[in-house]
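Enquirer: Can you read through this structure? Questions will come right after.
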Amino acid sequence: MTALALMRHGPTAFTEDRRIQGRRDVPLSETGRAKVRGYEVPSGLANFAWISSPLSRARETARILWAGPTPTDHRLIEMDWGAWEGRTLKGLRDELGETMRDNEDKGLDFRPDRGESPRQVLRRVRPLLAEIGAARRDTVAVTHRGVIRVIFAAALDWDMAGPLPYELDWSCAHVFDVDDRGVPRVSALNISMAPARWRSPTKNRLIR
């Protein structure tokens, strides 16, 4: 098994306004940069290789956290939200009503207007998982909420309909075991990125 640690990029102005970012290349905000500078990479990830989404918010997060080389991989880019990028989910739900509810109920097949479904995201990520598993090189990937969610869904065989079966903290690292075929399984979720002296001893919860 190969370990794959997934981290979401730091906050942006869109994050703070709860707006959908998708493929828009929104940079980290000053608040986001300060937050990432306060992170401490868990010691267990010290010898991992690092890769990143090509979007600047992910690349900058990786650059702040890791001094070594961090190549980008387009398969780690955020889900394409099409015409809905820049909008808020609340605004879309208020405007579209039942149509939006029916769309969200499709889980993996939810699709924004002129955008990409989670199932399509998973389809483009699977070859990368297979490459990481076959290489047997433990890896950190700095990526996006949509990518982390689909890998989490694949690991639990969850169809993404309804609420998350386990709450994910987006300021934490999430570790998956990936086999030689690229099939992920949850190893540890919500690994704190806070400095060690501030970490709660009950923060890290394992799923076996």
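Just so you know, our numbering puts 136 at position 81 of the sequence shown, and the rest follows in order with no gaps.
Even for Gly, the Cβ is constructed at its ideal location relative to N, Cα and C.
In this text, all values refer to a predicted model and were calculated from it rather than measured experimentally.
Tell me which residue opens and which closes the beta strand (DSSP E) that L244 is part of.
Expert: 239-246
Enquirer: Taking the alpha carbon of R181 as the reference point, which residue from K90, P167, I203, E85 has its own alpha carbon closest?
Expert: I203
Enquirer: Rounded to the nearest angstrom, what separates L61 and H229 at their Cα positions?
Expert: 5 angstroms
Enquirer: With R174 as the anchor, note down where its alpha helix (DSSP H) starts and where it stops.
Expert: Per DSSP, R174 belongs to the alpha helix (DSSP H) from 173-190.
Enquirer: Extract the residue ranges of the alpha helix (DSSP H) inside the stretch 111-175, only unbroken runs of 4 or more that lie entirely within it.
Expert: 111-120, 144-151, 153-159
Enquirer: How many Å lie between P126 and C227 at the Cα?
Expert: If you take the alpha carbons of P126 and C227, they lie about 21 angstroms apart.
Enquirer: In the DSSP assignment, the alpha helix (DSSP H) including D232 goes from what residue to what residue?
Expert: In the DSSP assignment, D232 falls outside any alpha helix (DSSP H) and within the unbroken beta strand (DSSP E) covering 228-233.
Enquirer: Taking 8 angstroms as the limit between beta carbons, can you name the residues of its chain near P66, skipping five residues before and five after?
Expert: L83, S84, T86, G87, K90
Enquirer: Provide the residue span of the alpha helix (DSSP H) that contains R204, from first to last.
Expert: 200-211
Enquirer: Would you report the Cα separation of E133 and E71, rounded to the nearest angstrom?
Expert: 17 angstroms
Enquirer: Could you name the residues of the same chain whose beta carbon sits closer than 6 angstroms to that of A249, not counting the 5 residues immediately before and after it, in chain order?
Expert: Same-chain partners within the cutoff: there are none.
Enquirer: Between which residues of its own chain and G123 is the CB-CB distance below 7 angstroms, once the five residues before and five after are set aside?
Expert: W105.
Enquirer: Would you call D160 buried or exposed, if buried means 16 or more other Cβ atoms sit within 10 Å of its Cβ?
Expert: exposed
Enquirer: Suppose you measure from the CA of R78 to the CA of T116; what does that come to, to the nearest Å?
Expert: 16 angstroms
Enquirer: So, are the CB atoms of R166 and M155 less than 8 angstroms apart?
Expert: Taking 8 angstroms as the Cβ cut-off, R166 and M155 do not qualify as a contacting pair.
Enquirer: Touch check for the stretch 181-198 and the stretch 92-109: three-plus C-beta pairs under 8 angstroms?
Expert: yes
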